[in-house]
Amino acid sequence: MPVPTLEDFMSRAYAMELEATERYAQFAEQLDTHNNREVAQLFRKLSQIEGLHAKRILEEMGWPSVPALPPAFAWESTEAPETAPFDALHYLMQPWHALEIALRCELQAVQYFDGIAAGAVPERVRAAAKEMAEEEREHVALIKEWMKKVPRPVAGWDEDPDPPRLSE
Amino acid sequence: MNAPITVTALQAKDFKSDYKPVWCPGCGDYSVLTGITKALAMLGLRPENVAVVSGIGCSSRIPAYTTCYGFHGVHGRSLPAATGLKAARPDLTVLVASGDGDGYSIGGNHFLHACRRNVDLTYIVMDNHVYGMTKGQPSPTTEPDWSSKLAPGGTGLREFHPLVIALASGANFIARGFSGDPNGVAALIAEAVRHPGFSFVEILSPCVTFRPEQREWKQAVHPAPVEPTDDPARAARRLMTDDGFNIGVLYKGARPAFAGKASAPLQSVEDLECQFRL
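Chains A and B, in that order, give the protein sequences. Per the numbering used here, residue 1 is the first one in the first sequence, and the count goes up by one each step. Per the numbering used here, residue 1001 is the first one in the second sequence, and the count goes up by one each step.
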């Protein structure tokens, strides 16, 4: 998809951050409902972080409010590169799983911005894409560090001795 | 003098209510809810101009999760309720939400006749090939060899083919979506709403609790390799040879939507009450 101007690029980046913000917030709600408070809190934190990125884009561009976005971008994949899929969750998931999802999303974001920077785009767009890719790389490193601090799930983490829905 | 009222375009979040869904984390229905709210925003509608009608089942919880008018009705009876609503309030955009059990089994007969009547409704069926809410019984679209504790060895029964049935019964728009693609679902629903008459959108929406293997659907789905047709015979051939994973608009008919017959002037409410007096 062509990216003719810096404004177009930044509105895409904004849409990407906003979708990630909303999705993590939805995940937090889902896990709250299923009483997995620890992971819910983590997703809420991830949502706040993405929200700050979105806000920073608005500030950098001097946009007083949300730019006029098309209702749905035609992303190369089904959703924005930094948006985690709905089916990634499990009600017994642990913080490590949530960080694994976030890591995958950040890596996709790096790939997306690198792709734009490598394409036939105006110099200002290329510079902004490189900067964004660099930022996302920093996030990748941070999440990897974060993952070292949480216990890695052991086999059978998804086995529930008292399943909420027993099919017999 | 009052200042003029400015009507601003709404965003998807404006169609989401404050009620938190209670579906299982990972359920495809979250994505369908997102698709519906995005579609309504894309269409430039307002919640007060939309009604979401449903029956019973996991998918039928959707009306409560929107800010639109909602009716969470009787099992399998969402389509008659929606038909009545649309007949009485043709100005409303009426969406009907259902699942494969509610829509094709308990409400199967209503499905046929709603297609036949061609009232301007959009029927969204979240198909996960299982009764999720009641703990995993096989539904009409369950594969005959799907073995579970409740149906050891499988039912041995041939699956219901909703798209073929819809076409044969007269649906004016037939599409299939996949919950793994909420933006694609939104686009399909928006197109279905815009198309006159009865629009049927079947959405493959995995049940991660009772059919965890359905997570693999994301590898199986693919865009339909053909453009939508308005020729029922061609559509029938396509649908009969369909692999169940073609995504997109598969049929766009040209039948005019049911508009009702010119009738005698309406009776007053008092006259109607008289008829029910014992």
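We put the beta carbon where it would ideally sit given N, CA and C, even for glycine.
Look at G1026(B): its C-beta is under 9 Å from a C-beta on chain A. Assignment of K1252(B) by DSSP, reduced to helix, strand and coil, places it in the strand class.
Apart from sequence neighbours up to five positions away, no residue of its chain approaches P64(A) with a beta-carbon distance below 6 Å. Looking at L1163(B), A1041(B), D1243(B), the one whose alpha-carbon comes closest to that of N1183(B) is A1041(B). Following the DSSP letters along the chain, one finds E1202(B) inside the beta strand (DSSP E) bounded by residues 1199-1204. Taken through DSSP and simplified to helix, strand or coil, H1161(B) comes out as coil. Put simply, the CB of G1184(B) is near chain A, with a gap under 9 Å to one of its CB atoms. Beta-bridge pairing by DSSP links T1093(B) to V1050(B).
Counting C-beta pairs with one atom in each stretch, the stretch 1101-1119 of chain B and the stretch 1176-1195 of chain B have fewer than three that are closer than 8 Å, which means they do not touch.
In this structure S1147(B) is not in contact with F1173(B), their Cβ atoms being roughly 36 Å apart against a cut-off of 8 Å.
For P81(A), the CB contacts under 8 Å within the same chain, skipping 5 residues up- and downstream, are M16, W75, C105, Q108, A109, Q111, Y112 in chain order. According to the DSSP assignment, H1113(B) belongs to no beta strand (DSSP E) but to the alpha helix (DSSP H) extending over 1108-1117.
Between G1099(B) and F1210(B), the beta carbon gap of about 12 Å keeps them out of contact (Cβ cut-off 8 Å). Of the other Cβ atoms in all chains shown, fewer than 16 fall within 10 Å of the Cβ of T5(A); this residue is therefore exposed. Cβ contact annotation for T1037(B) (same chain, cutoff 6 Å, sequence separation greater than five): A1012, F1015, K1016, in chain order.
From the beta-carbon of P1206(B), the residues of chain A found nearer than 9 Å are D87. As DSSP reads the structure, P1223(B) sits in a beta bridge with I1247(B). Under DSSP, D1127(B) forms a beta bridge with L1204(B).
DSSP, reduced to helix, strand and coil, places K1261(B) outside both helices and strands of the structure shown, so it counts as coil. From the beta-carbon of Y1030(B), the residues of chain A found nearer than 8 Å are Q26, Q30, F86.
Note that the stretch 1070-1084 of chain B touches the stretch 1040-1057 of chain B; at least 3 beta-carbon pairs, one per stretch, sit closer than 8 Å. Closer than 9 Å to the CB of M93(A) there is at least one CB belonging to chain B.
Neighbourhood of S1179(B) in chain A, by CB distance below 9 Å: F86, D87, in chain order. Nearest in C-alpha terms to H1129(B), of all of G1197(B), H1113(B), E1213(B), R1089(B), is E1213(B). The C-beta distance from V1094(B) to L1121(B) rounds to 5 Å, short enough to fall under 8 Å.
With contacts defined by Cβ atoms closer than 9 Å, C1068(B) and W1023(B) do not form a contacting pair. Going by C-alpha positions, S1060(B) is about 12 Å away from Y1030(B). By the C-beta density criterion, P1090(B) is exposed, having fewer than 16 other C-beta atoms within 10 angstroms. Taking CB atoms only, W96(A) has no neighbour in chain B less than 9 Å away. By DSSP's assignment, A1175(B) forms a beta bridge with V1201(B), V1249(B). Residue pairing of K1016(B) in beta bridges, as defined by DSSP: T1066(B). According to DSSP, A1087(B) shares a beta bridge with no other residue. Less than 9 Å divides the Cβ of A98(A) from the Cβ of L42(A). In this structure, Y1123(B) and Y1065(B) do not form a Cβ contact; the two beta carbons are roughly 18 Å apart against a cut-off of 8 Å. Annotation: the continuous alpha helix (DSSP H) that includes V110(A) extends over 95-118.
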